[in-house]
Amino acid sequence: MTIDASNSTNAVPTKTVVLGITGCIAAYKSAEIVRGLQKAGVRVKVVMTEHATHFVDPVTFRSLTHEKVAVGLFDDPSDPIHHISLAQEADVMLLAPCTANMLAKIANGIADDLLSTTVLATTAPLVIAPAMNVHMYENPATRYNIGKLQIRGVHFVEAGTGYLACGDIGKGRLADVEDIVSATLSMLGVKRDLAGKHVMITAGPTVEPIDPVRYITNRSSGKTGYAIARAAFARGADVTLISGPVALQAPEGVSMVYVQTADEMLAAAQEAFKSADIGIFAAAVADMKPARAADHKLKKGSDDDQLSGIELVENPDILETLAANKGSRVVVGFAAETDNVIENAQKKLISKHADVIVANQVGEGMAFGTDDNEVWFIDDEDTEGLPRMSKANLADAILSKSLEFLS
Ligand code: C5P
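Residues in the sequence shown are numbered consecutively from 2, following the numbering used here.
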């Protein structure tokens, strides 16, 4: 079993935040804001004021975002109306840190550099995290400008109180990166309803060795479990993904535990389940395993046939074993059936002590390896058929369903 808190991702970001950075000592914290948004699957494009570049080099943000960092109105000869293209690309525009000067310009509709011009040109919601000296923050001019912008629907992430770079103590520190990221994500419509929760997911197949060459397994791409892990992380959860061998990259920010056999998966799940609030058992665990795995390649053929009649024994049922003592944890199981889908899933709900069974029909090219699926949610009160949807949307639906059971 190997454990890896991975940072790689293969998710294609679907939302863009244009992050404006102004000339303030807190500008270095914008690097953390970029990472926080990226971890939630958001694409970030950075615009800096000339003054901001004195605090942090644009190269930092170019390296983090793999995008050009815009500073001047006429920097990009290939795009003479850069402020308009940036303004249109933004799903949300975030200014963090935002100086008193930039607040005043925006409040008055002044557009005399790339950032203020982009703000004026965008129709995207605007989130502002101010940072400045306490007296500048409390100055009636700044209070008036903030009030004006709030009336126009601008969302503020209020500055915090504490030690300021100038030596003063008071209000004016840039708000916590976490709060700025959360506010921006909620403006984008990304829910953070799993913040503080630990979600454990099993995914993919298990492989049960017959000998060093052969094994028994189940069909499974792991896509559903991986999509759930990605969605749970984006919604703020701590996520442990226990994965059998699949051809997928580890989702961003998720603690990975890689396993091969059902016994290894059970051991990893038992450990993770201890601190889990929600357990989602999406793995296609092999039902049987060879009683003994040979340490040499078994011979086939009539004289010395070692392959026929391999003795098989049952694997542990991971879901059933853990759910038997689930306490207040929410447990979600899956049922992939070729016949009598709902009836079989209802039986599994009871026999496996699950709160919900996600049931789907398999066979004839359905479900396995595809990017979408059509399922039913079965609990002890209801059977709900969901329309066909992408595995990413299904992941969100499964998490929302789980939350209904969380006390
Ligand atoms: O019995 P069946 O394999 O159809 O049950 C499916 C559900 O039980 C899935 O949620 C699967 O992850 C879980 N399961 C398990 N351990 C097994 C077999 C199934 O956790 N050995």
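Where a beta carbon is used, it is the ideal one built from N, C-alpha and C, also for glycine.
With respect to V333, V359 sits close: the two C-beta atoms are nearer than 8 Å. Residue state for G334 is assigned as strand, using DSSP reduced to three classes.
Residues of the same chain with a CB within less than 7 Å of the CB of A269, apart from the 5 flanking positions on each side, are M2, I243, V258 and V260 in chain order.
Contact holds between the region 121-132 and the region 89-104, because three or more Cβ pairs, one in each stretch, are under 8 Å apart.
V208 has its Cβ no nearer than 7 Å to any heavy atom of the ligand C5P. In this structure, the ligand C5P has a non-hydrogen atom nearer than 7 Å to the beta-carbon of D318. At a threshold of 7 Å, T218 does not count as near the ligand C5P, since its beta carbon sits no closer than that to any of the ligand's heavy atoms. Between A125 and A71, the C-beta gap is not smaller than 8 Å, which leaves the two residues out of contact.
Around the C-beta of F75, fewer than 16 other C-beta atoms lie within 10 Å, and the residue is accordingly described as exposed. Judged by DSSP in its simplified three-state form, E253 adopts coil rather than helix or strand.
At the C-beta level, T143 and C25 stay beyond 8 Å of one another.
Counting other Cβ atoms within 10 Å of its Cβ, V120 reaches 16 or more and is therefore classed as buried.
Not a single heavy atom of the ligand C5P lies less than 7 Å from the C-beta of T50.
At a cut-off of 7 Å, the beta-carbon of A336 counts as near the ligand C5P: some heavy atom of the ligand is closer than that.
V47 is the residue among I399, D169 and V47 whose C-alpha sits nearest the C-alpha of T61.
Residue environment for D383: exposed (fewer than 16 other C-beta atoms within 10 angstroms of its C-beta). Cβ neighbours of G226 within its own chain (closer than 6 Å, five residues either side excluded): I202, A204 and A283.
Annotation: N140 to A176 spans about 19 Å, alpha carbon to alpha carbon. According to the DSSP assignment, I85 belongs to no beta strand (DSSP E) but to the alpha helix (DSSP H) extending over H83 to E90. The bridge partners DSSP lists for L127 are M94. R44 and I181 have their C-alpha atoms spaced approximately 16 Å apart. Q362 has E338 as its beta-bridge partners, per DSSP. Closest by C-alpha distance to I281, out of R220, E315 and V357, is V357. Just measuring C-alpha positions, the residue of D264, L267, D239 and N219 sitting nearest V247 is N219.
Rounded to the nearest angstrom, the gap between the Cα atoms of P213 and D296 is 6 Å. For E385, same chain residues with a beta-carbon under 6 Å away, outside a window of 5 residues either side, are F378 in chain order. In this structure, V286 has its beta carbon less than 7 Å from a heavy atom of the ligand C5P. The C-alpha of P59 lies about 9 Å from the C-alpha of A53. Secondary-structure assignment with DSSP links A32 through no beta bridge to anything. Residue environment for V158: buried (at least 16 other C-beta atoms within 10 angstroms of its C-beta). Inclusion of A273 and T322 in the CB contact set at 8 Å is not warranted, their separation being larger than that value.
Ranked by Cα distance from F335, the first of V376, G328 and V314 is V376. For the set Q39, L313, S309 and V57, the Cα lying nearest the Cα of I22 is the one of V57. It is roughly 6 Å from the alpha-carbon of A396 to the alpha-carbon of A228. Where T218 is concerned, the enclosing beta strand (DSSP E) starts and stops at Y216 to T218. One alpha carbon belongs to T339, the other to Q347, and they sit about 15 Å apart.
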